[in-house]
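Colleague: Count the sequence shown with this note's numbering and you get residues 181 to 632, in order. Even for Gly, the Cβ is constructed at its ideal location relative to N, Cα and C.
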Amino acid sequence: MSNVTNDIPARPVQQDDIFHLTFSQLHHIDRLCIKYLCRLDRDGRVFINVANITSQTGVPGETFMQFNTERRRAWRSARYLKDKTNPDLLSGSILKISGSTDDESVTLTFDQLHLLGLIYENRYEKDRKFPCCAEKKQIGDSIHPRLKTLSSQDMDTFFLTRRETFKKLEIDEETYMEPESELKKRLEEQEKELNETKTQLKLANDSVKAKEQEIESLTTTIKKLQIENNKVHDVLFQENDYRMETKSHLKLANDTVKAKDEEIESLKKAVKKLHIESFDICQILWTEKIDHTKTETELKLASDSAKTKDRKIESLKKTIERITIEKDALHEDLCSEEDKHAETRKGLCNAYIFNAKILENLKKTIQNMKDSEEKKVNDLESKLQEKQDELNNTVKLYWNLEKIITEKHCEALIEKKYGAEKKAMEKKIQEFKEMLKTQKTIFKKMQDVIYN
């Protein structure tokens, strides 16, 4: 689906562009273009289903869009067609419209197509009456100078095929979804009827040629009479000498007029050249404006991206600082714990020595008092066993603390807990720094391009 708006100027097509179409294709897409142009003037926007038009008419999508562009240009410049001396009216692409034979082909410009369409609409679409010979003479008398380059046969072919096509083809340009088989069948019937009409037209043209031959014979007779009249006019040579002098004066006047006409033509060409240059400058300015808008948008996006990455880097730096502070605090805690463990070991050693001395003293006392005070000895033995158990527990606690202290201490624990996270964050910060450096380089280059 192609979207066409009314605020986009029509692209000028090169003079050597040629559209090769059949009459049926021309009348199909021309009527569709006129409908779309009317809707474009009314709504300012129109949607064209190019795919369906291509599948139904056989006209490629690109060709149809170029045809629509040229048709729109002719439509927009219709008000200038009143100026019959305007040299720009025949500019643009060429339509090569082919029939069933080469003799029936017609070559037009888009401006001529527009003028013929206006004549057809006024003569047939409104009055429902096709021009007869007398009306064709009237058209020929008032015809636009840009149409005088067309032969009478080309005009007849155009009007006849346009009438026959519009009689037999009903196009719903809103949906344009008729099945392909029905369209092919209908097109074959239309081509058949069109060929019959063309045969009749060929017979009529043969009759016209016979009339032209008769006219040529009459012209020969007239020439003979003119020769006889020239013999009679010999007596008027003296008067003709006077007329020759008058003609010489007229010739001088005509030469002066031709010189003025040539000067006017040169001025018209200069004006046309200036008009083309002005249009090219407008196109360049429009393109530069679009590029400038895109560049500003890209600069804004790059600036926003750089700010976002700066914020992420600041956040990561704060996280690393927090982790470093926690690491230092943990290291200080471990150092203080080591000092406490050293004091604990010292106290345990003193307690062990003290308990050993007490045990030795108790053994001696028990040995001395064993005979006399057996009951007291038993009590002392139980107390000794309790002290022994307490000593064993103290030694066990001491060795557990020694084992904990002798492990990889603070650095191993910190490396195990935070090492991988720290390395990943440092790597990510380095990547962000490189990305930020690249973004700043691109941003600086874009600023240099804009301001230089």
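In the DSSP assignment, find the unbroken beta strand (DSSP E) run with Val-286 in it and report its ends.
Modeller: 286-289
Colleague: Tell me which residue opens and which closes the alpha helix (DSSP H) that Asn-229 is part of.
Modeller: Taken as a continuous stretch (DSSP letters only), Asn-229 belongs to no alpha helix (DSSP H), as it is neither H nor E.
Colleague: Can you grab the Cα-Cα spacing for the pair Ile-402 / Gln-292, in whole Å?
Modeller: 37 Å
Colleague: Is the distance from the Cβ of Gln-205 to the Cβ of Val-239 below 8 Å?
Modeller: yes
Colleague: Which residue wins for smallest C-alpha separation from Arg-211, given the options Glu-371, Gln-236, Leu-432 and Arg-342?
Modeller: Minimum Cα distance to Arg-211 is reached at Arg-342.
Colleague: Between the Cα of Ser-331 and the Cα atoms of Asn-410, Ser-285, Leu-383 and Glu-369, which residue gives the shortest distance?
Modeller: Ser-285
Colleague: Suppose you measure from the CA of Ile-538 to the CA of Asn-580; what does that come to, to the nearest Å?
Modeller: In a straight line, the C-alpha of Ile-538 is about 25 Å away from that of Asn-580.
Colleague: Report the option in Glu-376, Asp-471 and Lys-427 whose CA atom is closest to the CA atom of Thr-337.
Modeller: Glu-376
Colleague: Within the continuous alpha helix (DSSP H) that includes Gly-238, where are the two ends?
Modeller: Segment: none, Gly-238 is in no alpha helix (DSSP H) and carries neither H nor E.
Colleague: Excluding the 5 residues preceding and the 5 following Met-424 in the sequence, name in chain order all residues of the same chain whose CB lies nearer than 6 Å to its CB.
Modeller: none
Colleague: Please identify the residue among Ser-235, Glu-611 and Glu-476 whose C-alpha is closest to the C-alpha of Lys-492.
Modeller: Ranking Ser-235, Glu-611 and Glu-476 by CA distance to the CA of Lys-492 puts Glu-611 first.
Colleague: Is the beta carbon of Ile-198 sitting closer than 8 Å to the one on Phe-247?
Modeller: no
Colleague: Quick check on the DSSP output: what are the complete beta strand (DSSP E) runs of length 3 or more inside the stretch 367-432, in order along the chain?
Modeller: none
Colleague: Note down, in chain order, each residue of its chain lying with its Cβ closer than 6 Å to the Cβ of Phe-623, except the 5 sequence neighbours on either side.
Modeller: Ala-482
Colleague: With the cut-off set at 8 Å, would you say Leu-528 and Thr-574 are in Cβ contact?
Modeller: yes
Colleague: Should Phe-534 go down as buried or exposed, given a rule of 16 or more other Cβ atoms within 10 Å for buried?
Modeller: Under a 10 Å Cβ-count criterion, Phe-534 is classified as exposed, with fewer than 16 other Cβ atoms of the shown protein chains found around its own Cβ.
Colleague: Roughly how many whole angstroms lie between the Cα atoms of Lys-391 and Asp-441?
Modeller: In this structure, the straight-line span from the alpha carbon of Lys-391 to that of Asp-441 is close to 39 Å.
Colleague: So, helix, strand or coil for Ser-331, using DSSP?
Modeller: coil
Colleague: Cα separation between Tyr-216 and Leu-296?
Modeller: 19 Å
Colleague: Taking the alpha-carbon positions, what's the Gln-236 to Met-335 distance?
Modeller: 27 Å
Colleague: I'd like to confirm something about Leu-374: is its beta-carbon nearer than 7 Å to some heavy atom of the ligand SAM, or not?
Modeller: Looking for the ligand SAM in the displayed structure turns up nothing, as the structure carries no ligands at all.
Colleague: Taking the alpha carbon of Lys-567 as the point to measure from, which residue in Lys-526, Tyr-532 and Leu-510 has its own alpha carbon closest?
Modeller: Each of Lys-526, Tyr-532 and Leu-510 was checked against the Cα of Lys-567, and the nearest Cα belongs to Tyr-532.
Colleague: My guess is that Lys-489 and Met-615 are in contact by the Cβ rule of under 8 Å, so how many angstroms apart are they, rounded?
Modeller: 6 Å
Colleague: Tell me whether Phe-290 is buried or exposed, calling it buried when 16 or more other Cβ atoms sit within 10 Å of its Cβ.
Modeller: buried
Colleague: Here's the rule I'm using: 16 or more other beta-carbon atoms within 10 Å means buried, otherwise exposed. How should His-429 be labelled?
Modeller: Counting Cβ neighbours within 10 Å, His-429 comes out exposed, since fewer than 16 surround it.
Colleague: Thinking C-alpha only, which one of Lys-480, Leu-479 and Lys-487 is nearest Lys-613?
Modeller: Lys-487
Colleague: Suppose the cutoff is 6 Å on Cβ atoms and the five residues either side in sequence are ignored; what does the same chain contact list for Val-629 look like?
Modeller: Cβ neighbours of Val-629 beyond the five flanking positions: none.
Colleague: Would you decide whether Glu-250 is buried or exposed? Buried here means 16 or more other CB atoms lie within 10 Å of its CB.
Modeller: Result: buried.
Colleague: Please confirm whether Leu-381 and Leu-447 have their CB atoms less than 8 Å apart.
Modeller: no
Colleague: To the nearest angstrom, how far is it from the Cα of Thr-399 to the Cα of Leu-405?
Modeller: 10 Å
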